[in-house]
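First residue of the sequence shown: 830, per this note's numbering; consecutive thereafter. Glycine included, each C-beta is placed from N, C-alpha and C at the ideal position.
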Amino acid sequence: MTEDTRDYDAALDEAERLLGFRLERFLGTAPTEPENADDFKRIATIQAFGDAWPRTDRLDTRTRAIVSVTIAATLGVLEPLRGQLRIALNNGVTKEEIVEVFIQLAAYAGVARAFEGYGVATEVFAENG
Numbered sequence: 830m831t832e833d834t835r836d837y838d839a840a841l842d843e844a845e846r847l848l849g850f851r852l853e854r855f856l857g858t859a860p861t862e863p864e865n866a867d868d869f870k871r872i873a874t875i876q877a878f879g880d881a882w883p884r885t886d887r888l889d890t891r892t893r894a895i896v897s898v899t900i901a902a903t904l905g906v907l908e909p910l911r912g913q914l915r916i917a918l919n920n921g922v923t924k925e926e927i928v929e930v931f932i933q934l935a936a937y938a939g940v941a942r943a944f945e946g947y948g949v950a951t952e953v954f955a956e957n958g
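Below, the structure written as structure tokens:
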């Protein structure tokens with residue numbers, strides 16, 4: 830097993846710990862994708878879940894989740910926001926705290942952006958009951 834394979838496997842394990850499910854189902858490659866698509870997905874997964882998320886010595890997982898929700902919502906990347914919201918809820922962030930993130934976001938990133946992200950949040954809240 831290569832170091833890259835070990836890093837990727839560790840990143841997938843970390844993603845499962847954070848999300849509560851295996852990430853591989855989202856990482857498949859369609860026949861229309863170029864052959865280096867797997868490289869992109871592997872590298873991005875290792876960077877996010879293998880390098881950044883495990884760094885809990887200075888920023889705990891719960892705080893990192895709030896930061897990640899804020900970044901995804903501010904950028905307006907709605908599918909990644911959905912995943913970050915799941916991670917936040919799976920790691921002790923309350924729905925009420927997430928609403929506070931969107932209140933802050935409205936003030937600094939704009940009301941329209943905040944409402945768009947909050948719409949995704951309500952969908953994720955409904956998934957969790």
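Per the Cβ contact rule, the stretch 876-894 is in contact with the stretch 834-847 (3 or more Cβ pairs under 8 Å). Contact check between the stretch 850-865 and the stretch 888-897: fewer than three CB pairs, one atom from each, fall below 8 Å, which does not count as touching. Under the three-state reduction of DSSP output, Val953 falls in the helix class. DSSP places Leu856 in the coil class of the three-state scheme, outside both helix and strand. Within the same chain, and ignoring the five residues on either side of Gly849 in sequence, the residues whose Cβ sits closer than 7 Å to its Cβ are Asn919. Secondary structure of Asn865 (DSSP, three-state): coil. Taking the Cβ atoms as the reference, Ile927 lies roughly 6 Å from Ala950, within the contact range of under 8 Å. Residue Ile895 holds the alpha-carbon nearest to the alpha-carbon of Glu929 among Ile895, Glu945, Ala901 and Glu908.
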